[in-house]
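The structure appears right after this line, and notes come after that.
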Amino acid sequence: MGTAAAAAAAAGEGARSPSPAAVSLGLGVAVVSSLVNGSTFVLQKKGIVRAKRRGTSYLTDIVWWAGTIAMAVGQIGNFLAYTAVPTVLVTPLGALGVPFGSILASYLLKEKLNILGKLGCLLSCAGSVVLIIHSPKSESVTTQAELEEKLTNPVFVGYLCIVLLMLLLLIFWIAPAHGPTNIMVYISICSLLGSFTVPSTKGIGLAAQDILHNNPSSRRALCLCLGLLAVLGCSIIVQFRYINKALECFDSSVFGAIYYVVFTTLVLLASAILFREWSNVGLVDFLGMACGFTTVSVGIVLIQVFKEFNFNLGEMNKSNMKTD
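Reminder that position 287 of the sequence shown reads as 287 in full-length UniProt numbering, one-by-one numbering, no gaps.
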């Protein structure tokens, strides 16, 4: 009876809700990180363009390094946010970086941002607010033991095997032939690697709790933490390489927008399989999150698909006056 009661208590603790202060802090860090991440592609692209004009490597350009440092700062912020609030609450907030990056690119890179693009920025921000309101506020995995159990789940292991196979095909066969001409190749590589990055980041935070508290299982937690750190490091290095390859070939704001949608979708899928945070979401909140994500996606499409259109309010007024 005592064992059963303990198990029931542990199960009840497995879906604990973070304190309001922790949620507010996590959200604040996530928002700031999204804005910082939104500037990274633009700064790196600016550095690449400057280096090409001088005929030197972008590794020698200070603006490129500023973007790289901003990327590191943004990733550290994301790490802190993932340890404070559920993954499905943090990841979609990356949408805020898309309009910020588009606005920044219009000034630094002279990329077009017409009235439809500005409307898209507004929709992206509104959709992010809807996602925050309806996302789950409770954690489904809160201990190292629960994390180990989830990592060995056959469904998650099968998902990782599929992701690894796709990455091998993309990196060694498809990218050399089609990467410079098809933006989806580099985006797919970086987004699939997100299936390792975000769960690893979340897992490191959980394992670190046992290490810091010097629990009996701290040695196992240390091994798990080191393993996840290795996976995270390799994933970030490969992503970094292919992000810069993409920025050499494609428009930074187009890459950032499509990358956000694909990356967020795959990360939410991986997190749903591993952490099962969606089990605490009701039908109303699920529909709310679906609507929020759709709003964000529509906003991103407006920012990018119609960016080459010479469309502004002045021309609309002229058209109305001619009609009258």
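Beta carbons are placed, not taken as given, at the ideal position from N, Cα and C, and that holds for glycine.
Note that the coordinates shown come from a computational prediction; the quantities given were computed from them, not determined experimentally.
Shortest alpha-carbon distance to L59 belongs to which of E248, L287, Y260? Taking the first residue of the sequence shown as position 1, residue 59 is located at position 59. Closest in alpha carbon position to L59, among E248, L287, Y260, is E248.
Separation of S24 from Y82, as counted between CA atoms: Here residue 82 refers to the residue found at position 82 when the sequence shown is read from its first residue. Here residue 24 refers to the residue found at position 24 when the sequence shown is read from its first residue. Straight-line Cα distance between these residues: approximately 13 Å.
Would you kindly work out how many angstroms separate the C-alpha atoms of G127 and G94, rounded to a whole number? By 1-based counting over the sequence shown, the position of residue 127 is 127. By 1-based counting over the sequence shown, the position of residue 94 is 94. If you take the alpha carbons of G127 and G94, they lie about 11 Å apart.
Uninterrupted alpha helix (DSSP H) stretches inside the region 19 to 48 (no shorter than 4 residues): none
Check whether the region 196 to 203 and the region 260 to 279 are in contact - that is, three or more C-beta pairs closer than 8 Å. Counting Cβ pairs under 8 Å, three or more are found: they touch.
Measuring CA to CA, which of V73, G203, C190 is closest to S271? Numbered from its first residue, the sequence shown carries residue 271 at position 271. Checking every option, the nearest Cα to that of S271 belongs to G203.
Go ahead and label C223 buried or exposed: buried means 16 or more other beta carbons lie within 10 angstroms of its beta carbon, across all protein chains shown. The residue given as residue 223 occupies position 223 in the sequence shown. Burial call: exposed.
Report yes if the C-beta distance between G38 and G117 is below 7 Å; otherwise report no. On the sequence shown, position 38 is the one that residue 38 refers to. On the sequence shown, position 117 is the one that residue 117 refers to. Their beta carbons are not under 7 Å apart, which means G38 does not touch G117 by this criterion.
Short of 6 Å in beta carbon distance, which residues of its chain neighbour I162, apart from the five on each side in sequence? Order them along the chain. Here residue 162 is taken as the residue at index 162 of the sequence shown, counted from 1. Closer than 6 Å at the Cβ level, and outside the excluded window around I162, lies no residue.
Following the continuous alpha helix (DSSP H) through S164, name the residue where it begins and the one where it ends. Here residue 164 refers to the residue found at position 164 of the sequence shown. According to the sequence displayed, residue 164 carries Leu and not Ser. Counting along the chain, the alpha helix (DSSP H) containing L164 begins and ends at 154 to 169.
In whole angstroms, what separates the C-alpha of residue 336 from that of F263? With the chain covering 1 to 324 only, the question about residue 336 has no answer from this structure.
Note down the Cα distance separating L229 from G205, rounded to an integer number of angstroms. Counted from its first residue, the sequence shown places residue 229 at position 229. Counted from its first residue, the sequence shown places residue 205 at position 205. The straight-line gap from Cα to Cα measures roughly 11 Å.
Expressed to the nearest angstrom, what Euclidean distance is found between the alpha-carbon atoms of G47 and A145? Reading the sequence shown from its first residue, position 47 is the one you call residue 47. Reading the sequence shown from its first residue, position 145 is the one you call residue 145. Across the structure, G47 and A145 are spaced so that their CA atoms are roughly 45 Å apart.
Can you look up A4 in the DSSP assignment and give me helix, strand or coil? Here residue 4 corresponds to residue number 4 of the sequence shown, with the count starting at 1. Because the pLDDT of A4 is 40, which lies under 50, any placement of that residue in the model is unreliable, and the number read from its coordinates should be weighed accordingly. Helix, per DSSP.
Starting from N78, follow the alpha helix (DSSP H) in both directions and report where the run begins and ends. As a working mapping, residue 78 is identified with position 78 in the sequence shown. Note, N78: alpha helix (DSSP H), 62 to 84.
Y186 beta carbon less than 7 Å from that of G179: Residue numbering aside, residue 179 sits at position 179 when the sequence shown is read from its first letter. Residue numbering aside, residue 186 sits at position 186 when the sequence shown is read from its first letter. Their beta carbons are under 7 Å apart, which means G179 touches Y186 by this criterion.
On a CA-only basis, which of F255, Y260, N153 is nearest V42? Give me that one, please. In the sequence shown, residue 42 corresponds to position 42, counting from 1. Per the Cα distances, F255.
C121 and I103 look like a contact to me (Cβ under 8 Å); what is the Cβ gap, rounded to whole Å? Stepping through the sequence shown from its first residue, residue 121 is reached at position 121. Stepping through the sequence shown from its first residue, residue 103 is reached at position 103. About 7 Å; that satisfies the 8 Å criterion.
Taking all protein chains shown into account, decide if I243 is buried (16 or more other Cβ within 10 angstroms of its Cβ) or exposed. Position 243 of the sequence shown, counted from the first residue, corresponds to residue 243. Buried is the label assigned to I243, since at least 16 other Cβ atoms lie within 10 Å of its Cβ.
If you drop the 5 nearest sequence neighbours on each side, which residues of the same chain put their C-beta closer than 8 Å to that of L96? In the sequence shown, counting from the first residue as 1, residue 96 sits at position 96. Listed in chain order, the non-local C-beta contacts of L96 below 8 Å within the same chain comprise V31, S34, L35, G38, S124, C125, S128, local neighbours out to five positions each way being set aside.
Report the CB separation of V63 from N78 in whole angstroms; it is logged as a contact under 8 Å. Residue mapping note: residue 63 aligns to position 63 of the sequence shown, counting from 1. Residue mapping note: residue 78 aligns to position 78 of the sequence shown, counting from 1. Contact flag wrong, Cβ pair sits at about 23 Å.
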